[in-house]
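Beneath this line is the structure, given in structure tokens, with notes to follow.
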Amino acid sequence: MPNQNMIRKIIISSLALALLIAAGISFYRSRNLKEPVVLGPGVTEVRQLSDYFSGIKNSINDCHVYILEGEEPGGSFLILGGTHPEEPACRLTTWILAENARVLKGKIFLILSANRSATTVTRLGGAYPPDFTIPTPWGGQKFRMGDRWSNPLDQWPDPEVYIHYPSRQELAYVDIRNLNRTWPGRANGTLTEKTCYAMTQLIKAEGIDVVIDLHEAELQYPVISTIVAHEKGQDLAAMASMMISGTEDFNIGMENSPAALRGLSHREIGDHTQAISLLLEAPEPMLDATRGKTDRALLLEGKDEFVVRAGEHGLLFEKIDEKGWPIDVRVGRHCSTIIQLIELWTEDHPEKGIILENVPRYAEVIEEGTGAYLFDPDAAPDSKVKYE
Amino acid sequence: MIITLLYYLLTGYIVFLIIWNLIKSKKWQDEVLYVIILIPFLLRLLRLK
Chain A
1 MPNQNMIRKI IISSLALALL IAAGISFYRS RNLKEPVVLG PGVTEVRQLS
51 DYFSGIKNSI NDCHVYILEG EEPGGSFLIL GGTHPEEPAC RLTTWILAEN
101 ARVLKGKIFL ILSANRSATT VTRLGGAYPP DFTIPTPWGG QKFRMGDRWS
151 NPLDQWPDPE VYIHYPSRQE LAYVDIRNLN RTWPGRANGT LTEKTCYAMT
201 QLIKAEGIDV VIDLHEAELQ YPVISTIVAH EKGQDLAAMA SMMISGTEDF
251 NIGMENSPAA LRGLSHREIG DHTQAISLLL EAPEPMLDAT RGKTDRALLL
301 EGKDEFVVRA GEHGLLFEKI DEKGWPIDVR VGRHCSTIIQ LIELWTEDHP
351 EKGIILENVP RYAEVIEEGT GAYLFDPDAA PDSKVKYE
Chain B
1 MIITLLYYLL TGYIVFLIIW NLIKSKKWQD EVLYVIILIP FLLRLLRLK
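Printed below as a string of structure tokens:
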């Protein structure tokens, strides 16, 4: 009988080991998936975030900073993708900018993976897809799905209560790993706080005029399809909202950054640096709590019958129908809003203007697809390819 | 960093306890339960998830 017991234990343990290996391989591949960026004609330099704060050197969040500098001096914008990597239209928008945009005047700084640690994990227990593929004329490009929070492998454990620095406001414990709750950051803080601190140093050192932080939101969240603006950027955001709603095929609102809500980019960057801080929100049904199956199709097509039903009961702050909110629509909204903000800024500040070209607008992204603006890394010289 | 290290040590200790209970167990239902709860602890120790 002892032998029989031992054989049973070995069989059960072997089955568990098989599960462990299968899951482990999937997690390892997802965490180490290389995402190529083919440097576009406008990229004049690629730096590391640690060039601005050595405290994150060699950490997973020591991300690339892509610089697009025009020949004529002007103003400077910083555009952040990947603050919340589970909002993929934001990273894709910055990808399009890095691979396509040309800057004739001024400087644009691009960060494609603001919280790279958060790109290497999906929501724990959420059964999210580990990655997704954007179809392109040359096949397709695979991206990591990512999460809202830094990977616990990189920052662990969480405290009982997260006390924001420097306001000392008490926030949800998990938000100590949320890059949009840890601004302006802290030099001797957690990885996520250090990442924000490094970006704050970048903003100060480079004299950035405007920071645009790209996001997507669930339809059950009231802050959606909008530009959230620090008081320094209210005029710019309000004008952009009016111009876009009048000239593009979509509407976008404008909201003031609440002074009492701490740690967010639209509040803290404006308070702690010279820059105007703006945050853009596009609708993403995959983030809604009442969604159905959380798969790649939902991520890319934004169609969900349960979210539609929630809308029929008046529970949403944005409309949705059977067409959903496809990724191209969400990326296109961000592209057009960035273009509009830059154009308006340049009109108001000609000496600190930015002249940007070769970035598709909303209608073009929808017609051509996001993948039409991504380039084949195998067809590019090695010196023109970076990996996120 | 020190707190993180302590948490990994704690995780390792829990892994040891689960394996010890698995070895001592007489019921197959308990054994299945032990190996299922063991997986996330091992994934964390191996720094995979």
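So the protein sequences, as listed, match chains A and B. Counting from 1, one number per residue, gives the positions in the first sequence under the working numbering. Counting from 1, one number per residue, gives the positions in the second sequence under the working numbering. We put the CB at the ideal spot given by N, CA and C, even for glycine. Being a predicted model, the structure only gives us computed values, none of them experimental.
Counting only the same chain and skipping the five closest in sequence on each side, list residues whose C-beta sits under 8 Å from that of residue 163/A.
Cβ neighbours of residue 163/A beyond the five flanking positions: 169, 170, 171.
Would you check if the distance between the CB atom of residue 109/A and the CB atom of residue 56/A is smaller than 9 Å?
Result no, Cβ atoms of residue 109/A and residue 56/A do not sit closer than 9 Å.
Would you call the stretch 371 to 388 of chain A and the stretch 127 to 137 of chain A in contact, with 3 or more CB pairs under 8 Å?
In short, these stretches touch, since the Cβ pair count reaches three.
For the beta strand (DSSP E) containing residue 48/A, name the first residue and the last one.
43 to 48 is the extent of the beta strand (DSSP E) around residue 48/A.
For the alpha helix (DSSP H) containing residue 8/B, name the first residue and the last one.
2 to 24 is the span of the alpha helix (DSSP H), which, as asked, contains residue 8/B.
Taking contact to mean 3 or more Cβ pairs, one atom from each stretch, closer than 8 Å, check whether the stretch 239 to 258 of chain A and the stretch 357 to 366 of chain A are in contact.
Taking 8 Å as the limit for Cβ pairs, the verdict is that the stretch 357 to 366 of chain A does touch the stretch 239 to 258 of chain A.
Please list the partners that residue 45/B has in chain A, where partner means a Cβ-to-Cβ separation under 7 Å.
Residues of chain A passing the Cβ test: none, with the nearest at roughly 11 Å.
Candidates 184/A, 194/A, 210/A, 287/A: which alpha carbon is nearest residue 341/A's?
Nearest C-alpha to residue 341/A: 210/A.
Less than 8 Å between the CB atoms is what I'm expecting for residue 256/A and residue 281/A, so what's the real figure, rounded?
With a Cβ gap of about 14 Å, residue 256/A and residue 281/A do not count as contacting.
Spatial neighbours of residue 142/A within its chain, please: CB distance less than 6 Å, with the 5 preceding and 5 following residues excluded, ordered by chain position.
Hits under 6 Å: 131, 133.
Could you check what DSSP says for residue 362/A in three-state terms: helix, strand or coil?
Looking at residue 362/A - three-state DSSP - the assignment turns out to be helix.
According to DSSP, which residues form a beta bridge with residue 81/A?
Note: residue 81/A sits in no beta bridge, so no partner.
Does the Cβ-Cβ distance between residue 309/A and residue 294/A come in under 9 Å?
No. Outside cutoff.
Along the chain, which unbroken stretches of the alpha helix (DSSP H) at least 4 residues long are found entirely within the stretch 210 to 261 of chain A?
DSSP runs (the alpha helix (DSSP H)) wholly in the stretch 210 to 261 of chain A: 234 to 247.
What are the boundary residues of the beta strand (DSSP E) that includes residue 412/A?
Within the shown structure, residues of chain A are numbered from 1 to 388, placing residue 412/A beyond reach of any answer.
In angstroms, rounded to a whole number, what distance separates the CA positions of residue 367/A and residue 215/A?
C-alpha separation (whole angstroms): 22 Å.
Give the straight-line distance between the Cα atoms of residue 327/A and residue 288/A, rounded to the nearest whole angstrom.
Roughly 15 Å separates the two Cα atoms.
Against chain B, does residue 245/A count as a neighbour if the rule is that its beta carbon must be under 9 Å from one of theirs?
Residue 245/A does not count as touching chain B.
Kindly say whether residue 129/A, judged by its beta-carbon, lies nearer than 9 Å to any beta-carbon of chain B.
Chain B contact via Cβ: absent.
Quick one: which chain B residues come within Cβ less than 7 Å of residue 28/A?
What residue 28/A touches in chain B: 48.
Would you say residue 174/A faces chain B, with C-beta separation under 9 Å as the test?
No, its Cβ sits nowhere closer than 9 Å to a Cβ of chain B.
For residue 243/A, collect the residues of the same chain with a Cβ closer than 6 Å to its Cβ; drop the 5 residues on either side in sequence, then sort them by chain order.
Excluding sequence neighbours, residue 243/A sits near 340.
Check each candidate in 38/A, 147/A, 61/A and name the one with the smallest Cα separation from residue 100/A.
That would be 38/A, whose Cα lies nearest to the Cα of residue 100/A.
If the criterion is Cβ atoms closer than 9 Å, does the pair residue 127/A and residue 85/A meet it?
No, these two residues do not count as a Cβ contact at 9 Å.
For residue 28/B, which residues in chain A fall below 8 Å Cβ to Cβ?
The answer, in chain order, is 8, 12.
Which of the three DSSP states is assigned to residue 380/A in this structure?
It is coil, neither helix nor strand.
For residue 3/A, which residues from the same chain have a beta carbon less than 6 Å from its beta carbon, with the 5 sequence-adjacent residues on both sides left out?
Around residue 3/A: no qualifying Cβ.
Looking at residue 12/A and residue 15/B, is the spacing between their C-beta atoms short of 9 Å?
No.
So if DSSP puts residue 71/A in a beta bridge, which residue, or which two residues, is it bridged to?
None; residue 71/A has no bridge partner.
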